[in-house]
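Below is one structure; the comments refer to it alone.
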Amino acid sequence: MNIRTEEHGKIVIVIPEGDIKIGEGDVALRETIRSLIDAGKKNFVLDLSSVRYLDSAGLGELVATLKRVREAGGDLRVCGVNRRVDEAFHVTQLVRVLDIYKDRSEAIAAFVS
């Protein structure tokens, strides 16, 4: 799993590439967000457009990431969700917890409004 980041003002775009699953993407995502929070970053857009699959560990890590970000005084928006990931979000009711947007521009704009 590769994770890229891009800064857009005070917002960090986090772009995982590959699957977020136990032993692979879940740890990488956790460590990336933790290091960004430690560096003083608070607001994140998680762009999942390059993520094909999330297992239960990946879904759990998204919830833990949201909690970690909010405890640091920030917030997390999610975008670029494919059909398979969207189905997982609906089955697990994460659509009620996560702020999900169609694309990066909508997610970034949600921080401004």
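Just so it is clear: in the sequence shown, position 15 is 15 by this note's numbering, and no numbers are missing. The C-beta atom is built at its ideal place from N, Cα and C for all residues, glycine as well.
Whether residue i touches residue j by CB criterion (8 Å)
i	j	result
Lys102	Cys79	yes
Val85	Val45	no
Ala57	Lys21	yes
Under the three-state DSSP convention, the category residue i falls into
i	result
Thr65	helix
Asp55	coil
Asp26	helix
Thr32	helix
Gly60	helix
Val122	No statement about residue 122 is possible, as the shown extent of the chain runs from 1 to 113 and does not include it.
Nearest to residue i (by Cα), restricted to the options the options
i	options	result
Asp19	Asp99, Ile3, Phe111	Ile3
Leu59	Ile108, His90, Ser113	His90
Glu87	Val14, Lys21, Leu54	Leu54
Ile100	Arg68, Ser49, Ser56	Ser49
Worksheet entry | contact_flag[the segment 32-47, the segment 73-82] where n(CB pairs < 8 Å) is 3 or more | yes
Practice prompt. Entirely within the segment 66-91 and at least 4 residues each: give me those alpha helix (DSSP H) ranges in chain order.
Written response: 83-91
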